[in-house]
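Protein chains in written order, with my numbering: chain V, -3 to 247; chain Z, -13 to 349.
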C-alpha cells in the first residue's frame, strides 16, 4: 500500500513525457514561425527542452526509485551519514556547466535580436505605445521620421511590409506591458519611462495576434492587437496612404 | 489514511477536468431586470411606475429576452437578412453582456460594476444623447457616428476600440453591428420611458387603457428623431484651407480674444483646460457637470488626444455643434466656417502639429 505512492509519482514523468510526445499531432506545439531569426529561437528552445527533459526523466525516476525502495519499512533504523562530498560536488558542477553552456549558446541570438547597435540600419517604421488596454501606434509616415505632421495614427492595427527589416520603438503610457507576437518569436516588456527599440523581418504576408504578455490590469486578457504583414511593399505604402487620407478628412 | 489521500487527489483531478471541460461553450446567463429610470423614480407614483414598466416590458422585453417594435426595427436596426429579429437581439444582448455590461450596466445606465472606478464615467444610454457626433446641435448621432465610436474607442477615456474584440477576425463586424442595435434598444427604451414619465409629471393620468396610444406617440417621436439624424450632418460651408501660419495666428486670436468664442475662459490661456472655474486649484477636482450629472472638465488641448476623433472634420464639428450634453457650446451659429477652420488649425497647433510651419506665434 505504501509503495502505491511510488506508482502515483511515476505517473508524473509518464504523463509529462507522454504529453510532449503526442502534442505535435494535436497541434499543441510551437506556432508557425515567420521571422527571419525565428529558427534560432526555436533551436534554442529545442536544445533546452532536450536537456531539461533528460534531467527531468532522470530525477523523476530517481525519486520513484527511492520512494519504492525505502517505503516505510517498520522498525528499520535510519542510517546516520554526514553527506557524500564527492557526489555533492559532482551534482553541483555538472548542472553548472550545463547552465554555462546554455548561457553561451543563447548569447548570439540575444545580441542580434535585442542590441540596438546590431539592428538593421533602417529608420523606425513606427512607435508603439502600450497603454491600458490598447496599442497606440504612430507610424513615421513617408518622411521616415517620428513626431512630424505626416505621422499616421492607428489603434491596435500594426501593419508592416514583407521581406524587409522593420524597426520600431516600444513605449508605455502607464504600467508595464509586454509586446508579444508569437509568430515573430518576439517579446519585449514595455517599460513606462523608456523607449525600447525593436526589430523584426517577416518572411511572408499574413495576419497574427499581438498580445500583451505582462499583467497590466483588469483588461490585460483582452489587450489584443493585430499585426498585418502586407503582400508587398507597395500594398503597405498604399495602406499607409489610405490611413493618412482618412486621418485628414475635412468634410 | 493514505487511501483517503489518494481519493482526494483523484477527486480533485476529476473536478478540474469537469470544470474546464468545454468552458468556452457554457451558456451566457443574464440575470436581472431593467431598472426604472430616474425620471420615473422621481415621480414617486408606484401606479404610474407599474403601468410604464408594463408597457416597456411588453414592447422592449427583458434583458433575458429583448424585443423591439418591428416597424422601427426596419428603420433603426441592422438585422442580417433572413435572421429573425428575436434571434438577432438575443445575439446582441449576449455580446453586450460579454463586452459592455460591466461598464455600461444591465440597463445601459452607465453604472455597471466597473463604473464607480472610472472618470469620465461610462455613457448612460437611456437619454439617447451622445457627446461625439457628426450632427448639428440637439440632433441624434447617425449610425456611422456610433459605429465610429465602437471602432475607434474614445481616446483619453477607458472606452476601448472594439475593432478586434471578437475571437476571430471574421466575427468583429457582426458583433459590433449587433451591439450597436442593442444600444439603440436601450436608448429608445430609455427615451420613451422619459417621455412617458414627463406625461405623468405634467399631470396626465396614465392608465392601462390609454398607455398604448401614449407609448405609440412617444416612441414614434423618438424614432423620428433618430431617423432624421442622417439629414442633420454638419458639413462645413467652406472647405478647409491649408494650415498656414496666418490661419493659425488668426485661430490664436479667436481663441484668446474673440467675444463670441471665449475659448480661453474654459480652456485656459495655454489650452490645458485648467482655470479656477473648471478645475479646483487646490484639489484638482473637476468643477463642472455634464447633463448626466457626472463631473467633467474641458479637454487639455496640449495633449493632442481628441476623444471624438482627430480628423480636421471631427475638430470642426466639435466646435460647430459643441459637445452635446456638456458645457462645451456649439459655435456654428456665431462663428463663420472660415473662423472655425482657423480655430481647428490653432487647436492642432496646441496639440503639437504644424510646428514646422509655425514655430511660434505672436500674442
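From the three backbone atoms N, C-alpha and C, an ideal C-beta is built for every residue, glycine too.
- Rounded to whole angstroms, residue 43 of chain V and residue 25 of chain V show a C-alpha spacing of 15 Å.
- Note on residue 75 of chain V: under 16 other CB atoms within 10 angstroms of its CB, so exposed under the neighbour-count rule.
- Contact check for residue 52 of chain Z against residue 84 of chain Z fails: the beta carbons are separated by 7 Å or more.
- Following the DSSP letters along the chain, one finds residue 239 of chain V inside the alpha helix (DSSP H) bounded by residues 229 to 243.
- In terms of Cβ geometry, residue 225 of chain V and residue 158 of chain V form a close pair [threshold 7 Å].
- Under the three-state reduction of DSSP, residue 4 of chain Z is assigned to helix.
- With a cutoff of 7 Å on beta-carbon distance, residue 170 of chain V and residue 210 of chain V are scored as not near each other.
- With a cut-off of 8 Å on Cβ pairs, the segment 277 to 288 of chain Z is not in contact with the segment 316 to 324 of chain Z, counting fewer than three such pairs.
- Around the beta-carbon of residue 157 of chain Z, fewer than 16 other beta-carbon atoms lie within 10 Å, marking it exposed.
- Residue 121 of chain Z places its beta carbon 7 Å or farther from that of residue 226 of chain Z.
- Beta-bridge partners assigned by DSSP to residue 208 of chain V: V:175.
- In the three-state reduction of the DSSP assignment, residue 195 of chain V falls in the strand class.
- In the three-state DSSP reduction, residue 61 of chain V falls in the helix class (H, G or I).
- Residue 339 of chain Z reaches chain V at 145, counting residues in chain order whose Cβ is nearer than 7 Å.
- Under the three-state reduction of DSSP output, residue -11 of chain Z falls in the helix class.
- With the criterion set as a beta carbon lying under 8 Å from some beta carbon of chain V, the members of the segment 68 to 101 of chain Z are 100, in sequence order.
- Listed in chain order, the non-local C-beta contacts of residue 145 of chain Z below 6 Å within the same chain comprise 139, local neighbours out to five positions each way being set aside.
- When CB distances to chain Z are screened at a threshold of 8 Å, the residues of the segment 212 to 225 of chain V falling below it are 214, 215, 218, 220, 221, 222, in chain order.
- Not one beta carbon of chain V lies nearer than 7 Å to the beta carbon of residue 6 of chain Z.
- Beyond the five residues adjoining it in sequence on each side, residue 99 of chain Z comes within less than 8 Å, by CB distance, of 88 in the same chain, given in chain order.
- Less than 7 Å divides the Cβ of residue 234 of chain Z from the Cβ of residue 335 of chain Z.
- A distance below 6 Å between beta-carbons, with the five flanking residues on each side excluded, links residue 150 of chain V to the following residues of its chain, in chain order: 133.
- Listed along chain Z, no residue sits closer than 9 Å to residue 240 of chain V by beta-carbon distance, the nearest being about 11 Å off.
- Taking 7 Å as the cut-off, the Cβ atoms of residue 165 of chain Z and residue 82 of chain Z count as close.
- Straight-line spacing of the CA atoms in residue 128 of chain Z and residue 246 of chain V works out to 18 Å.
- Residue pairing by DSSP places residue 282 of chain Z opposite Z:274 in a beta bridge.
- For residue 265 of chain Z, no beta strand (DSSP E) run applies, since DSSP gives it neither H nor E.
- By alpha-carbon distance to residue 188 of chain V, the top candidate from V:220, V:124, V:228 is V:124.
- Annotated three-state conformation of residue 125 of chain V is strand, per DSSP.
- When DSSP states are grouped into helix, strand and coil, residue 190 of chain Z belongs to the coil group.
- Between residue 2 of chain V and residue 64 of chain V, the gap from beta carbon to beta carbon is short of 7 Å.
- The CB of residue 225 of chain Z comes closer than 9 Å to the CB of 246, 247 in chain V, given here in chain order.
- Sorting Z:317, Z:150, Z:264 by C-alpha distance to the C-alpha of residue 303 of chain Z places Z:317 at the top.
- Nearest CB-CB separation between residue -2 of chain Z and chain V: not below the 7 Å threshold.
- By the neighbour-count criterion, in which 16 or more other beta carbons inside 10 Å mark a residue as buried, residue 2 of chain Z falls on the exposed side.
- Counting every other CB atom within 10 Å of its CB across the protein chains shown gives residue 212 of chain Z a total of 16 or more, marking it as buried.
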